[in-house]
Each structure stands twice: as C-alpha cells, then as structure tokens.
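Below is one structure, written out as structure tokens; comments come after it.
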Amino acid sequence: MKIRSLTLLAAICTSTALMAEESVLKLEFPPPKVTSTPAPIKLPHLEAPNTPAPMIKAPADVTNVAAGKTVTSSDEWPIIGELDMITDGDKESEDGYYVELGEMQQWVQVDLEAKTEIYGIGLWHYHAQPRAYLDVIIQVSDDAEFGSGVTTIFNNDHDDSSGMGRGSDPAYIEKNHGRLIPGKKATGRYVRFYSNGNTSDGLNQYIEVEVFGRSVE
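Just so you know, we're using this note's numbering here: the sequence shown kicks off at 1 and counts up by one.
What follows is the structure in structure tokens.
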C-alpha cells in the first residue's frame, strides 16, 4: 500500500511539473526559395509586412500531434501530390512537396485520432511565390463531418464570401516560415483547414500542417 501511494504521488508530482513548465512554441522551417515572379497582391485586410508571429506558450508535454496522421480532403482526386504529404514533416515548396486541390473552396482535414487540447497550429501553403490564400478558415471538432460542436480558431474571410461567417483575422503573404496560429486551447479530434484559391490562381495548395497539442482522453 505504501509503495503504491508513493508511486501515485510521484506520478502526480511529475504531471504537475509538466503542467507548470511551459515553453514558447516555435516553428521549424526550410530556407526561403522564391522561384517565380510575384503577382500583385491587393487585399483590404492584408497584414502589414514583417508582422511578428504570436508568442504562444504551451506545457512541456505538448507536441506536434498531427505528424504522420491521416489526411482527407474535399477534393477526392488532388491535381498534384498525395494527401499524406501534408503531415509528413517536409515543408519545402518545390514540386514533390505540395498537394494541389481544385478551384473554389476546398478543405483538408487531419484526424488526430483522439480528442486533443490544441495550443497552436503551423500552416504552410505554397510559398515559392509570394501570394495570399483567400478565405482561410481553421476549425476543430469531434465530429468528422463538422456538423456539430465546431470551434473556429482562425478566419480571414473578411466579406463572408465562403458563406461561413465574416472573420476578423488578416490575410497574409505566404513565406517559408509558414503561419503560426494560436489554438486557443480548443478541443477536438479533427482539424479542418479551408481555403478558396489565392491571389495568383484559383487553386488551393497545401504543403504542411502541424497541430501542437496533447490528448485530453
């Protein structure tokens, strides 16, 4: 009984220490490689250049729980690439590193395999050419169909052109360092990423997504 009590106490102390110890989330990213001429970007809600990434603190046991997880999408047959490339850890922008979906609004969805408390999101669209993706919306849910219990953690659809509600987040120009987005401690098993073309063409490209969280089950 005494040994069991000591073991339980040690486990509680370890858990408490992990909760107390926090670190700032930082994305790892590839070197910049711009291979094409940028198209003019004129959006009323475009973020100012060189805006710093948000500072997001997370407990020590938070990891990228999206790594290697299953990805599905609204486009059953991507024009370029395979969906599993989106969680394979490769963030380069050359051919062979990105998935291209069709025109109009599309989404990709990651199954985290367990209900997860989310502290941050890392998102990379195509970044070999400066461009901004339109109507970028990120939602979390325990429902794979996103019919109920949906939490929106990012929405830069400033004019509700997607029909999912106006968002107050800014549009931003894609770069090699991706986009770090606060997870707001939203909980859910599935994370869905929407986009509706970009300022260079009507297609939707995804390179990598990362979800920094921990299981709450």
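Glycine included, every Cβ here is placed at the ideal spot set by N, Cα and C.
Quick caveat, the model's predicted, so the values are computed rather than measured.
I'd like to know whether the C-beta atoms of residue 120 and residue 66 end up nearer to each other than 9 Å.
In the sequence shown, the residue the question calls residue 120 occupies position 120. In the sequence shown, the residue the question calls residue 66 occupies position 66. No, they are not a contact pair.
Under the assumption that residue 137 contacts residue 157 (Cβ atoms under 8 Å), give the Cβ distance between them as a whole number of angstroms.
Position 137 of the sequence shown holds residue 137. Position 157 of the sequence shown holds residue 157. Right, their Cβ atoms sit about 6 Å apart.
Residue 213 and residue 62 - do their beta-carbons sit closer together than 9 Å?
Working through the sequence shown from its first residue, we reach residue 62 at position 62. Working through the sequence shown from its first residue, we reach residue 213 at position 213. Judged by beta-carbon spacing, residue 213 lies within the 9 Å limit of residue 62, meaning their Cβ atoms are closer than that value.
In chain order, what are the residue ranges of uninterrupted beta strand (DSSP E) at least 3 long that sit wholly in the region 141-213?
151-155, 179-195, 204-206
Does the pairing of the region 71-86 with the region 49-57 give three or more beta-carbon distances under 8 Å?
no
I'd like to check one pair, residue 82 with residue 204: are the Cβ atoms closer than 9 Å?
Against the sequence shown, residue 204 aligns to sequence position 204. Against the sequence shown, residue 82 aligns to sequence position 82. Result no, Cβ atoms of residue 204 and residue 82 do not sit closer than 9 Å.
Report buried or exposed for residue 87, applying the criterion of at least 16 other Cβ atoms within 10 angstroms of its Cβ.
In the sequence shown, counting from the first residue as 1, residue 87 sits at position 87. Buried is the call here.
Do you know offhand how far residue 164's Cα is from residue 90's?
Counted from its first residue, the sequence shown places residue 164 at position 164. Counted from its first residue, the sequence shown places residue 90 at position 90. Roughly 30 Å between the two C-alpha positions.
Please state whether the Cβ-Cβ distance between residue 216 and residue 117 is less than 9 Å.
Residue 216 sits at position 216 when you count from the first residue of the sequence shown. Residue 117 sits at position 117 when you count from the first residue of the sequence shown. Taking 9 Å as the Cβ cut-off, residue 216 and residue 117 qualify as a contacting pair.
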